[in-house]
Amino acid sequence: MRLLLASCLLSCMLFTPGVLGKDCKSLGQLQWLLGDWHTQNDHRRVSERWQQVSGLTFEGTGETFSDKGHSVEYLYLTLMGDGVFYLAKVAENPMPVPFRMTGCSGAFAQFENPGHDFPQRIAYRLLSSGQLSVRVEDLNGQGFDLTFDPDRSKEVD
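Under mature numbering (1 follows the signal peptide of the UniProt record, and there is no 0), the letters of the sequence shown match residues -21 to -1, 1 to 136, in that order.
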């Protein structure tokens, strides 16, 4: 019984956003995100590019090319106050939409904004294959996944 109780307590601690985010106070833990990433299918091509512009900020762009046209998102990861924030500037909103980092570990980072319509949660994970998995969803888990390949054409020998 004690083992079961200890397991439940540990699980709650590991999956509580405040506990997950406790050690997520710098951009240094997100270096694995830097670079060029792309994915495509029959209907669209999506790319993300992340670069470090200072010790406090990463800048990114997300581009989508499809039969419906071309769209660009301007993305920022920045250290503000006591946390790391993901800011997304999209055409639909006049101001950037902030998402607070609520979890990170090794090659994983999760950002949330419960007050936003959609998405409310964005999670990045570097897979063992070297691909970048991105989950975009609401707080009920409804959303979509993107799996990006690293763009090796930008690498220099």
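Glycine included, each C-beta is placed from N, C-alpha and C at the ideal position.
- Here the alpha carbons of residue 37 and residue 132 stand approximately 21 Å from one another.
- Between residue 123 and residue 115, the C-beta spacing is below 7 Å.
- At the C-beta level, residue 105 and residue 11 come within 7 Å of one another.
- Note that the C-beta distance between residue 65 and residue 97 is not below 7 Å.
- Cβ contact annotation for residue 45 (same chain, cutoff 7 Å, sequence separation greater than five): 22, 23, in chain order.
- Taking C-beta separations shorter than 6 Å and ignoring five residues to either side along the sequence, the partners of residue 69 in its chain run 52, following chain order.
- Approximately 6 Å separates the beta-carbon atoms of residue 76 and residue 95; this is inside 8 Å, confirming the contact.
- Looking only at 27, 88, 113, 55, the smallest Cα-Cα distance to residue 33 is reached by 55.
- Collapsing the DSSP output to three states places residue 26 in a strand.
- Excluding the 5 residues flanking it on each side, residue 130 has same chain C-beta neighbours closer than 6 Å at 15, 17, in chain order.
- Bounds of any beta strand (DSSP E) do not take in residue 35, whose DSSP letter is neither H nor E.
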